[in-house]
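Numbering (the numbering used here), first residue to last: 27 to 195.
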């Protein structure tokens, strides 16, 4: 579970989701990490939804890697894609009425007729520290991670999504 808080005056800066991490051991204390995660933006205005997707790679320094519990710090770089989808309720009602006249209900192929999608992708970096519980030599459980991400992409709906503080478990 990943919880992101976008700092600022707006209460619409919470993003909840999940992700996956793969780490390749370079030495006893160093790993190369690949991380992909996504989350859904909460508390947006009516008829608006949004999400964030990050994809990163970089080094991780691990302490006590041979023990059941180990700590780490990492710095990852990659990208962040923000997506917002706004539904036009008037257009949706029109499309729905037309579909009903033709004896059918709205389907996935009708969705683009009443929605507008906005996307922004940019470079992103993150710094984080955490603790993992080693299950075996190939699998670990993320007990907790605290990090900060900075990304370079445009603002949307008056909110600057370029900075986020993240808590992962």
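All residues carry an ideal CB built from backbone N, CA and C; glycine is no exception. Because the structure is a prediction, the values reported are computed rather than measured.
{"Item": "Counting only the same chain and skipping the five closest in sequence on each side, list residues whose C-beta sits under 7 Å from that of residue 179.", "Value": "106, 108, 146, 147, 148 and 188"}
{"Item": "Would you please state the rounded distance, in angstroms, between the beta carbons of residue 172 and residue 184? I believe it to be under 8 Å.", "Value": "About 27 Å separates the two Cβ atoms, so there is no contact after all."}
{"Item": "Any contact between the region 39-47 and the region 66-76? By contact I mean 3 or more CB pairs, one from each, below 8 Å.", "Value": "yes"}
{"Item": "Does the separation of the CB atoms of residue 102 and residue 84 fall below 8 Å?", "Value": "yes"}
{"Item": "Tell me which residues share the same chain as residue 99 and place their Cβ nearer than 6 Å to its Cβ, disregarding the 5 neighbours each side in the sequence.", "Value": "87 and 155"}
{"Item": "Can you list, in chain order, the residues of its chain with a C-beta nearer than 7 Å to that of residue 152? Leave out the 5 residues immediately preceding and following it.", "Value": "82, 102, 173, 174 and 175"}
{"Item": "Give the DSSP-derived three-state secondary structure of residue 179 in the structure shown.", "Value": "coil"}
{"Item": "For residue 98, which beta-bridge partners are listed by DSSP?", "Value": "88 and 156"}
{"Item": "What are the start and end residues of the alpha helix (DSSP H) that includes residue 116?", "Value": "115-127"}
{"Item": "Near residue 112, which residues of its chain fall below 7 Å by C-beta distance, leaving aside the five closest residues on each side in sequence?", "Value": "73, 74, 141 and 142"}
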